[in-house]
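Numbering (our numbering), first residue to last: 2 to 345.
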């Protein structure tokens, strides 16, 4: 198995120079079927979409042993992911940042940095690799599974293996689902106002849909605040990836052949370009809605394909300490967001 500097694990160590369309069909087809099944279950049983995609993908991981599926799975886990990240930029506008205000925005930046630093700093305490902690902290600080996928595209399986990455995705998704249920109740028990509750929920819940859903479960005004706060966190994805890329490039942990160059990959530049266009031009609502739907679908395909590529026997070898970075990141995010919300 091989990994490129800006991609996930490839099932084929030496793929042929030219491929035909039919080479991709088996892996792409089974990924699409699994993603449709996950979407159906999530819609009919009100289950988290990402979690359903992960579980179904893991259940079908035996298919990755068939070499005919390799090209399609690699395509879905890499190309679909990168295009999805570009389309996420359609959710972001500069107006959202302006509407939030300077103080809450500054608090969000500080929370993001603190969560990442605290998670990485705690890695040694639990005997975990700091790159795994960076993955968990960055994903928690920004937007859950989407940020984890984007971060892993920078870190690569040379630093975090496929089993640990899949475990991180599972842990983040479960933590986000629990937070969506518990945080509105805690906000009500603490007597927070709509603005405070909206900030707490939007600043601490990992997944976009669950953060927005948790906000509206508290109240409509809180849901509106949570939406703006959460989308502002998503806007911080590109700056965080830039910082992570620079840190990895300057860390000196790899030789010259494996260091990440001081440049941004095309999908991050695309993300920034789409966000800039969305800020400067009034994109029609149907186009924006279609972009958001496409982004969600592509990211789901990437998650399913990534889970299908996982080796379950490696996943089972991970102990309870592997979840420690996710727990640390989640608790740090909640406590700092609560302190910031109370101060507003």
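Don't be surprised by glycine CBs; every beta carbon is placed ideally from N, CA and C.
Please read these numbers as outputs of a predicted model, since none were measured by experiment.
Pairwise C-alpha distance: residue j and residue i
| i | j | result |
| --- | --- | --- |
| residue 87 | residue 345 | 33 Å |
| residue 233 | residue 307 | 27 Å |
| residue 136 | residue 26 | 31 Å |
| residue 267 | residue 191 | 44 Å |
| residue 245 | residue 155 | 8 Å |
| residue 343 | residue 110 | 17 Å |
| residue 339 | residue 201 | 6 Å |
| residue 184 | residue 24 | 46 Å |
| residue 121 | residue 129 | 9 Å |
| residue 69 | residue 59 | 18 Å |
Residue span of the alpha helix (DSSP H) that contains residue i, given as start and end
| i | result |
| --- | --- |
| residue 290 | 286 to 309 |
| residue 116 | 103 to 122 |
| residue 241 | 238 to 251 |
| residue 343 | 325 to 344 |
| residue 1 | Because the chain is modelled from 2 through 345, residue 1 falls outside the range shown and cannot be assessed. |
| residue 145 | Premise fails: residue 145 is in no alpha helix (DSSP H) and is neither H nor E. |
Cβ shell of residue i (< 7 Å), same chain only, five flanking positions each side left out
| i | result |
| --- | --- |
| residue 151 | 86, 238 and 242 |
| residue 220 | 195 |
| residue 115 | 333 and 337 |
Cβ neighbours of residue i in the same chain (closer than 6 Å, five flanking residues each side left out)
| i | result |
| --- | --- |
| residue 123 | 329 |
| residue 145 | 173, 177, 207 and 208 |
| residue 260 | For residue 260, the predicted model reports a pLDDT of 45, less than 50, meaning its position is unreliable and no value from the coordinates is stated. |
Nearest-angstrom beta carbon gap, residue j and residue i [assumed within contact, 8 Å]
| i | j | result |
| --- | --- | --- |
| residue 324 | residue 90 | That pair is no contact at about 31 Å. |
| residue 199 | residue 216 | 5 Å |
For residue i, the three-state DSSP class (helix, strand or coil)
| i | result |
| --- | --- |
| residue 185 | helix |
| residue 195 | helix |
| residue 139 | helix |
| residue 96 | helix |
| residue 206 | coil |
| residue 1 | This structure cannot settle anything about residue 1, because the visible part of the chain is limited to 2 through 345. |
| residue 211 | helix |
| residue 61 | coil |
| residue 222 | helix |
| residue 283 | coil |
Own chain partners of residue i with C-beta closer than 8 Å, once the 5 adjacent residues on each side are dropped
| i | result |
| --- | --- |
| residue 35 | 54, 57, 58, 61, 305 and 309 |
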